[in-house]
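Read through the structure below, which is laid out as structure tokens, and then see the notes.
Residue numbers (full-length UniProt numbering): 1 to 399.
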């Protein structure tokens, strides 16, 4: 998973833990963390420039109650920092030049993106029809393409895409061209919708679907994410409800951008690089994934490096076991696997020191909502500076 990733790119919680300071190494509460904050305390930790801090604080307090997250300063400031970075505490913020960027993406990469989603066989003909719909429907003088240029917010663009794909669902069948089975159906709009991260905390729609707080259809879920409470609920859930042994919150911030446990896994990849003298990507993904986050059968460079390492050191762990262990890379229990622990042992033997638990993943962030490409280190550092500012507010007596 790559947060704020490319325009058309689309993790169940094992343990309900108490957030950044309640699980693993990063759950060691200090005296400073012990006080449980009130709604008023939380309001005072939200930047003073934010409109209606009382309302935002009320929702954060309520959601932390619902999800059983301790209202410590560290936990609250982690939430405040992410919300502020992602949206400046605006439930459905305007994105500068969003319409022009969306049109540019359509003009430059439409067929490529449809082929990624539908395959080469269907991608080109559907993309061609899609572009024709954009230019001619619902009318020549008010086409979807002209409407796209005028969108100001993510929700505007999301709703427009829903309308476009609804039109396609009613009027077009791939089988009419290819003779293949009907492809355009009930899930085509969701399958092709390029708006995959939503709301004030920019949560992946797939994650929200896996953790729905009520029984709603996909459009209602998307609408919920654009509300103040819904955006906060799914963002806080994603940020806080997984166990990790991070000594510093910045690694959790990095994970929020590049995927759960990517900071831990990037350190594991770095260890493999040093042990095998093989240059590996330190992106935190130990397996290969398709656009829908499904594990691919091909082996990643990290997986190949592990198998070579074990063969060179006569480690009795089969390739099948390695694959089974790596399938837990998005879970805390990966740390209990034979693969993880054997690499730790070999690293200790080789370098005379313990494997570092986490490092900053090396992941590029791109997309039409950004003015230029960034990386996870930039993102995590920006969030961390907001976190530090929030913690300073707790010391100033404002909380």
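Where a beta carbon is used, it is the ideal one built from N, C-alpha and C, also for glycine. All figures in this text were calculated on a predicted structure; none of them were measured in a lab.
With 16 as the cutoff for other CB atoms within 10 Å, does residue 289 come out buried or exposed?
Exposed, by the Cβ-count rule.
Three CB pairs or more closer than 8 angstroms across the region 313-330 and the region 223-233
no
How many angstroms separate the CA atom of residue 297 from the CA atom of residue 114?
22 angstroms
Tell me residue 374's beta-bridge partners as DSSP assigns them.
365
Over what stretch of residues does the alpha helix (DSSP H) that includes residue 125 continue unbroken?
120-136
Grouping DSSP H, G and I as helix and E and B as strand, with all else coil, what is residue 389?
helix
Taking only three categories from DSSP, how would you classify residue 198?
strand
Determine the direct distance from the alpha carbon of residue 313 to that of residue 307, and round the result to whole angstroms.
10 angstroms
Would you say residue 401 and residue 60 are within 7 angstroms of each other, going by their C-beta atoms?
Here the chain covers residues 1 to 399 and nothing more, so residue 401 does not appear.
Which residues in the same chain have their Cβ closer than 6 angstroms to the Cβ of residue 25, if we skip the five residues on either side of it in sequence?
Caution applies to residue 25, whose pLDDT of 39 falls short of 50 and renders its modelled position unreliable; the value that the coordinates give is listed next. Within the same chain, residue 25 has close Cβ partners 245, 247.
Within a Cβ cutoff of 7 angstroms, which residues of the same chain sit near residue 30, ignoring the five residues on either side of it in sequence?
Caution applies to residue 30, whose pLDDT of 44 falls short of 50 and renders its modelled position unreliable; the model cannot decide the point.
For residue 75, does the count of other Cβ atoms within 10 angstroms reach 16, so buried, or fall short, so exposed?
So residue 75 counts as buried.
Does the contact criterion of 3 or more C-beta pairs under 8 angstroms hold for the region 78-90 versus the region 384-395?
Yes: the two stretches touch, three or more of their Cβ pairs being nearer than 8 angstroms.
Following the continuous alpha helix (DSSP H) through residue 47, name the residue where it begins and the one where it ends.
It is not in any alpha helix (DSSP H) - residue 47 carries neither H nor E in the DSSP assignment.
Is DSSP giving residue 289 helix, strand or coil here?
strand
Sorted by chain position, which residues of the same chain lie with C-beta nearer than 6 angstroms to residue 402's C-beta, five sequence neighbours on each side aside?
The structure shown does not extend to residue 402, since the chain is modelled only from 1 to 399, so the question has no answer here.
On the criterion of 16 or more Cβ atoms from any shown chain inside 10 Å, does residue 220 qualify as buried, or is it exposed?
exposed
Start and end residues, alpha helix (DSSP H) containing residue 264:
262-276
Return yes when the Cβ of residue 127 is within less than 7 angstroms of the Cβ of residue 105, no when it is not.
no
Cα-Cα separation between residue 376 and residue 254, rounded to whole angstroms
6 angstroms
Inter-stretch contact at 8 angstroms, needing at least 3 Cβ pairs: the region 148-158 / the region 87-102
yes
Counting C-beta neighbours from all protein chains within 10 Å, is the total for residue 224 16 or more, i.e. buried, or is it exposed?
buried
For residue 237, count the other beta carbons within 10 Å of its own beta carbon; 16 or more makes it buried, fewer makes it exposed. Which is it?
buried
Could you give the DSSP three-state label for residue 72: helix, strand or coil?
coil
Under a three-way DSSP split, which group does residue 282 fall into?
coil
With distances taken Cα to Cα, identify the nearest neighbour of residue 272 among 327, 260, 118, 350.
Comparing alpha carbon positions, the residue from 327, 260, 118, 350 closest to residue 272 is 350.
To the nearest angstrom, how far is it from the Cα of residue 192 to the Cα of residue 117?
7 angstroms
Should residue 140 be labelled buried (16 or more other beta-carbon atoms within 10 Å of its own) or exposed?
exposed
Determine the burial state of residue 158: buried for a count of at least 16 other Cβ atoms within 10 Å of its Cβ, exposed for fewer.
For residue 158, the number of other beta carbons within 10 angstroms of its own is at least 16, and it is reported as buried.
Does the Cβ of residue 212 have 16 or more other Cβ atoms within 10 Å, making it buried, or fewer, making it exposed?
With fewer than 16 other Cβ atoms inside 10 Å of its own Cβ, residue 212 counts as exposed.
Backbone secondary structure at residue 66 - three-state DSSP:
helix
Under three-state DSSP, which class holds residue 205?
helix
Under DSSP, the alpha helix (DSSP H) around residue 163 begins and ends at which residues?
154-171
Just verifying my parser: in three-state terms, what is the DSSP assignment at residue 94?
strand
Contact criterion: CB-CB distance below 7 angstroms. Does residue 316 meet it with respect to chain C?
No chain C appears in this structure, which consists of one protein chain only.
How about residue 137 and residue 144: do their beta carbons lie closer than 7 angstroms?
yes
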